Amino acid sequence: MNITTMQILALLGCIAGAALVFGIGFYEGLRAGKREAFDTGYQRGLQAHRHELHRLHEQRDKAQHEHTITRLDAAQAIEQLTSELDTCKAKITTLQNRALTEADADHLIAMADKLSLAANTFAGLRSNDQAETCRRLSNTARAMFDRYWQTLPVLEVEVME
Numbered sequence: 003m004n005i006t007t008m009q010i011l012a013l014l015g016c017i018a019g020a021a022l023v024f025g026i027g028f029y030e031g032l033r034a035g036k037r038e039a040f041d042t043g044y045q046r047g048l049q050a051h052r053h054e055l056h057r058l059h060e061q062r063d064k065a066q067h068e069h070t071i072t073r074l075d076a077a078q079a080i081e082q083l084t085s086e087l088d089t090c091k092a093k094i095t096t097l098q099n100r101a102l103t104e105a106d107a108d109h110l111i112a113m114a115d116k117l118s119l120a121a122n123t124f125a126g127l128r129s130n131d132q133a134e135t136c137r138r139l140s141n142t143a144r145a146m147f148d149r150y151w152q153t154l155p156v157l158e159v160e161v162m163e
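This note's numbering numbers the first residue of the sequence shown as 3 and each following residue consecutively.
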């Protein structure tokens, strides 16, 4: 069997063509594989980042919620303290307006003494109505004086053992 030059060239051409088709197929397969791998990696990365982003959003929302609750608790505490303070101030004002001072008590006893003197004077002048009125006023002033001393707070003494 004699192989001619044309046959050898045709064989080489077929081999070269087959190598060229194989090379182009390999290259296209490589590109498609890279593209598929890139798409898969991109999807995985995208999914991971979405998960991370979702987790961060949840943390932010939780922190905002806790901050809001803390602010509301603080506002309620301030409101309660303000209300308590207003109540205490009103109580102090009422007690200050209602309370007798020690000087007031001294004046009451002085008035009671003067009213007793006036009652005795009216009784000596035989003006019994005026004397009785002065005695009642004197007794009332003494009762107010006694009430003042009874309502004074007792000093608390700490006993040392």
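Glycine included, every Cβ here is placed at the ideal spot set by N, Cα and C. Just so you know, these numbers come straight off a predicted model, no measurement behind them.
Is the closest heavy atom of the ligand NAD to the C-beta of residue i under 7 Å?
{"i": "Thr89", "result": "As for the ligand NAD, it is missing from this structure, which has no ligand bound."}
Who are the near neighbours of residue i in its chain, counting only those whose CB is closer than 6 Å to its CB and skipping five residues on each side?
{"i": "Leu139", "result": "Leu117"}
{"i": "Gln9", "result": "none"}
{"i": "Ser2", "result": "The chain is shown from 3 up to 163; residue 2 falls before or after that span and cannot be answered."}
If you follow the alpha helix (DSSP H) that residue i is in, where does it begin and where does it stop?
{"i": "Arg149", "result": "130 to 153"}
{"i": "Ala123", "result": "The question names Ala, yet the displayed sequence has Thr at residue 123. Note, Thr123: alpha helix (DSSP H), 104 to 126."}
Out of the options, state which residue places its alpha-carbon closest to the alpha-carbon of residue i.
{"i": "Asp115", "options": "Leu55, Ala145, Arg57", "result": "Ala145"}
Near residue i, which residues of its chain fall below 8 Å by C-beta distance, leaving aside the five closest residues on each side in sequence?
{"i": "Leu119", "result": "none"}
{"i": "Trp151", "result": "Ala107"}
Between residue i and residue j, how many whole angstroms is the CB-CB distance? I'm expecting something under 8 Å.
{"i": "Ala112", "j": "Arg137", "result": "That pair is no contact at about 16 Å."}
{"i": "Ala125", "j": "Ala133", "result": "4 Å"}
{"i": "Phe147", "j": "Leu110", "result": "5 Å"}
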